[in-house]
Amino acid sequence: MANRVSNNCCSAGSAERAGLPGLLRDLQRLSEDQDSADIVFILGTAEEKVYAHKIILFARCKSFQNTKRGEVCRIPGCTITPSVGTQPTPIRMPHVQPETFRLFIQYVYTGKLLL
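Residue numbers for the sequence shown follow the working numbering, beginning at 85 and rising by one.
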């Protein structure tokens, strides 16, 4: 006899998490989660940090999709340092304005562009 899948994911308590609005909220929260991030962009001359998740960037950005084995990304003008242990991989982009890049990351994660 086959096992039945629990109905917990669709219970009334989780109804607010269902559908596209819930997914967008979850992705928004994920975009702000430094603990689970595996990439950190170090931006501008002040070296401000913006954290991200490689899997999301790979799904949504050609600079990550077009990589060869062993590469992290192909962004012109960036410097990538191998990560140490469980630390996020640093990608330095001194020519990029942090605030503009934060808007870009917001768009990558949620499809929303806030101006």
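C-beta atoms are modelled at their ideal positions from N, C-alpha and C, and glycine is treated no differently.
Please read these numbers as outputs of a predicted model, since none were measured by experiment.
If you compare the alpha carbons of GLU155, ILE140 and GLU132 with that of ILE189, the shortest gap goes to ILE140.
According to the DSSP assignment, ALA130 belongs to no alpha helix (DSSP H), since it is labelled neither H nor E. Shown here, PRO174 sits in a strand according to DSSP, grouped into three states. In chain order, THR173 place their CB closer than 6 angstroms to the CB of SER167, counting only its own chain and leaving out the 5 sequence neighbours on each side. In the DSSP assignment, ALA143 falls within the unbroken alpha helix (DSSP H) covering 138 to 144. Within the model, the alpha-carbon separation for VAL156 versus HIS179 is close to 19 angstroms. Note on SER115: 16 or more other CB atoms within 10 angstroms of its CB, so buried under the neighbour-count rule. When ALA130, LEU108, VAL134 and ILE126 are compared, the shortest CA-CA separation from ASP119 is found for VAL134. GLN181 is the residue among THR151, TYR191, GLN181 and ALA143 whose C-alpha sits nearest the C-alpha of LEU127.
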